[in-house]
Structures are given as C-alpha cells and as structure tokens.
Amino acid sequence: MTTQGHSLKSILQRDALASWSGSRQLSSESDIPRATSRDPGSPQNPIDLRNVRIPEEGDEEGVGGGIETKIPSEGGWLAVMYRIGMWCSGPSVLVVIFLFSAFGLIYGASRELGYHLSLRHIFERVDWEREVSVAFIGNAYLFVNDMPRIMQAISKNQIHQNSVIHPGGSLGSLLITGNGMYNAWKTGTADLGQQYIKDYGRKEGVYDFGMCSVKQLLLGADEYMGYGNPYGAYKNDGLNPCIMDQYYYSYVAGILADEPVKWDYVVLAGQTKRMVVESARNDTLFELVNSYAPMLNQSGAIPLLVDTHAFWSDSTNMTGLGNDVPSFTANIQNGVKVYASALAEVLPRSQAPIIAPVGLAYLTVWEENYDLWRMLFVRDMVHASVYGSFLFACVLYMTIFGHRLPDNDFQFPSEVADLFATSRKLVGGNHYFPSQEEMSYLKNVAKRVVLKGYVPPSLPRHSSNR
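In terms of UniProt numbering, the sequence shown has 368 at position 368, counting the first letter as 1, and numbering is strictly consecutive.
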C-alpha cells in the first residue's frame, strides 16, 4: 500500500527522530603525593578525589516526512512556524535550558567564592595583544622582589604599571605616609639614567620610586604633596621620595603633566594579619569605603584585592591567626571577602571588586607538594622567595587577563632570570630560580585556581575571625 508513490516504510523512515546518545567519563587527578611532617603547617589528611561522569550529548539531524497534506510547503511561513514548533517540543530546548542553568550555577558559585567570572572569559577568543594599565598599592607583599616590575616582565610589557608602596604600611597608613621606597629602591635597576646637582655640588642619581601618594597615583595630582611636606598633610617618616627629594618631586610632576592617568585595575594588597583580626580589619574597612572608594570611583578603575598567602613561622606571632595553614588561609579569605563586599556596595557595578586568589594557590601547593611549598618562602617563612613571587605573578596575570599564560614555557634558565632582571630589589640572599618543571607546575596551579575555580579540599568552609 502506498501514499502518493511512497511506501509506508519510507514514510516511517522520514518521520523518525534522531536519537541522543554518547557519554564520556572524566576522571580527577588521583594519588597526589603528599609530604608528612610534624610541622603544624604540614598537611594531615589525604585528599578525597572522586570520579565524575559528565554526559556529552550528540545530535544527528533526522529526516523529515509525514503525510503531505499535513505539512506546509518548505518555503512558506507556515513551514517556518512548524519547524520552530517541532524544535521547541524537542530535546534541543532541554539542552539550552541545561546550559544556561549550568552557567548560572557556575557563575553564582564563583561569585560566592569571591572570583570574577563573565561570559567574556568563556566565549571570547584570547587577545594575546591586549594591553592594560595597573596601579599597585600595598606593602612588603608587593615590595618583595618588586611585583609591579615582575608583572611588567611576565606580560611582555603588556602591563603598564606604577605604584605607591611602603614596606611596613597598611592600606590605611599608606594614606598618611604615602610612598616609602626612598631608601629601599636606590639600586642600579631603579636608576633612570639621570643626574642632577644636589647640595654642595654633589651629583645625585634619579631613581624610579613610583608615585608619592595614593591620590597622586590614582587621580594624577595631589595638591597636598610637596617637597619638605609644606602643608604638613603627610607623616614624614623620611621615606617618601617627594618629601625628601625636591628634584624627584619635580620629576614626578613633569611625568603627570605629560601623561594623563588612566588605570584599568588597581591592585590593593593589605596586611595579612589585618584581614584576620576583626578590630584591625574594621579600621581598614573604614578607609576602603571612605577614602579609597571615592578615588576609585573617580578613576574608573576596577579594584583587584589580593587574597594574600598564609604562612607558618616561628619568627612571628601566630596568635589568633588560625590553628594551621588551611584555617589561616580560610580566615584571610573571609577577611578579603569582607573588603570586597564593602567596596561592591559603594562602587558602580562596572567596578565590582575582583579577588586574586593567591592564598588558595599557595594552599594547593601546600597540599600537593609540601617541600615545594616551603620553597615559596625566604628563610623567615613569611615573605615570598622568587618561587613565591612567580606563583603570585601567575595568579595575578590570569586574574587580570582572564586567560592562561602562553603555552610556551619560559626558557630555563635565561628567561626565568629575566623575569626578575629588572626588579629594583630582590630579597632573601641567594636566589634559586624554579626549574622548568617547577614553573610548569606552578603555572598549572594558578590556572586551576583562577580559571577553573579549584578549591583545595583542606580549606575549612567556615572559620571564625577573632
């Protein structure tokens, strides 16, 4: 029996729908080597890794068919409406709903964890030529090994930077003292190749100390900053280059007159302990909301808060910071989230704060390779070695650009050393640079934490801040 020349079998074939099929299995890394130690900062419990099956659906286009008088002609508008109706009633809609729901869950989780995630990071092709301007404000966390210049080097000069850094300063005290690098950065790599005649005919070099105050850095001018502190507006601790050196003050004023200030990001690195201790944290919150936020708003820059690393050292008072490295890390992270939330309430949505999860990267290394974790520090087990600065730089790069570092690793040892060659000062005595294998591992840790949202299993989900 036929219908308009077609067999029943042919009609059924044409009416058949394509089947959904296929799945693949993704497995987590397993058997991560762990060191054992009686050090209170060493890992204790094994990581529980589970296999996760994620369905991957394939779609084959079916063959149309049916009784001719029931289906509109292919070129008509009724045919278009018919196909839309068929599509909306099929599994494709479920796939779209699933994808949008999944993205919503991932986005929500990333915001809850304090990380920045957007459609741009997922769908946009990587722009390897993108250039950004970054201002750095902070203390020894940025001063050690000269993080601003490391970022300039690791980005192949795609990051344009300047800074206000005081080795012993908090974000609050920086507003009072300003820059504190007048003595620390009088080095050969900081030399700008200029000289001037100082008192009694003595020649003095000109060095790159950065900008002299937070306001000067963010807004391009500070009417209260001047040689000799003429208005008494700043605390003169003998370390501010503009207050101490008339020529440098004039030099900075000339730069600002020629180059208008415009920042894409402002890196804010607060003191680690102040993030954990509630009373000190509240002081910083006041300054962030009342002093930093108006300047950030005026500058249009996005604040990038550093989730600083936890440490475990006999050379410093650890009271109230945490029982071990994971709890210390969690307390720091809770503190930096409080900072981010406070700024988010007073800044436009376009300037929503971003958190650079340096502390989570350190904790990942602590879990997976305890011996290498110790190499992230200089002898005091508090400040970063070149290993730690490299990991910090990787995290910061991926947080700023939203993508990984280029695939080709830095050539060892020449290019590894080059990353630190322009640093105005390296700390810690003998400097042993990470090997090619170690650098690849540290880059991968940064990628997992920043771009894939990896959270170390040992991180306590709830910590108290006393």
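For glycine and all other residues, C-beta sits at the position ideal for the given N, C-alpha and C.
| Query | Result |
| --- | --- |
| Helix, strand or coil: how does DSSP classify A184 here? | coil |
| Using DSSP's beta-bridge definition, name the partner residues of V427. | For V427, which the question treats as bridged, DSSP gives no partner whatsoever. |
| Ignore the nearest five residues each way along the sequence and tell me which others in R274's own chain have a CB closer than 7 Å to its CB. | S170, A280, R281, T284 |
| With H, G and I counted as helix, E and B as strand and the rest as coil, what does DSSP make of E204? | strand |
| The alpha helix (DSSP H) that contains N334, what's its start and end? | 325-346 |
| Cβ atoms of Y200 and residue 523: under 8 Å apart, would you say? | Here the chain comprises residues numbered 1 to 466, so residue 523 is not present and cannot be evaluated. |
| Report the start-end ranges of each beta strand (DSSP E) in the segment 134-189 that is 3 residues or longer and not cut off at the edges. | 159-165 |
| Return helix, strand or coil for Y397, following the three-state DSSP convention. | helix |
| Can you check which of these residues, S385, F328, K215, L296, is closest to Y141 by C-alpha distance? | S385 |
| Mind checking which residues open and close the alpha helix (DSSP H) that includes L442? | 436-450 |
| Evaluate F286 with the Cβ neighbour count: other Cβ atoms within 10 Å of its Cβ, from every protein chain shown; 16 or more gives buried, anything less gives exposed. | exposed |
| When the Cβ atoms of the segment 374-382 are set against those of the segment 338-357, are three or more pairs found closer than 8 Å? | no |
| I'd like the ranges of any alpha helix (DSSP H) spanning at least 4 consecutive residues and lying wholly in the segment 228-264. | 241-244, 246-258 |
| Does the beta-carbon distance from I332 to D371 come in below 8 Å? | no |
| Helix, strand or coil for D283, going by three-state DSSP, please let me know. | helix |
| Starting from the C-beta of R38, find all residues in its chain whose C-beta is less than 8 Å away, skip the five residues before and the five after it, and write them out in chain order. | Confidence is the limiting factor: at R38 the pLDDT is only 36, short of 50, which leaves the residue's position unreliable, though a coordinate-based value still follows. Here the set comprises nothing. |
| Please identify the residue among D237, A190, E129 whose C-alpha is closest to the C-alpha of G168. | D237 |
| When DSSP labels each residue in this structure, what does L363 get in the three-state scheme? | helix |
| Just the Cα atoms here: how many angstroms apart are S389 and R448? | 18 Å |
| Nearest to Q216 by alpha carbon, out of L363, S163, L405, Q271? | S163 |
| Nearest to N139 by CA position, among I154, S133, T177, is which residue? | T177 |
| Can you tell me which residues form a DSSP beta bridge with Y196? | E204 |
| Return the chain-ordered list of same chain residues with a C-beta closer than 7 Å to the C-beta of F420, the five sequence neighbours on each side being excluded. | N145, I150, V386, L426 |
| From the DSSP output, in three-state form, read off A301 for me. | coil |
| In the structure shown, what three-state DSSP assignment does F390 receive? | helix |
| Please return the same chain residues whose Cβ sits closer than 6 Å to the Cβ of W373, not counting the five positions on each side in sequence. | V365, W366 |
| I need the straight-line Cα distance from A253 to R130, nearest angstrom please. | 28 Å |
| Going straight from the alpha carbon of A257 to that of C242, what length do you get? | 16 Å |
| On the DSSP letters alone, give me the boundaries of the beta strand (DSSP E) that A356 sits inside. | 354-356 |
| Are the segment 350-363 and the segment 292-309 touching, with three or more C-beta to C-beta distances below 8 Å? | yes |
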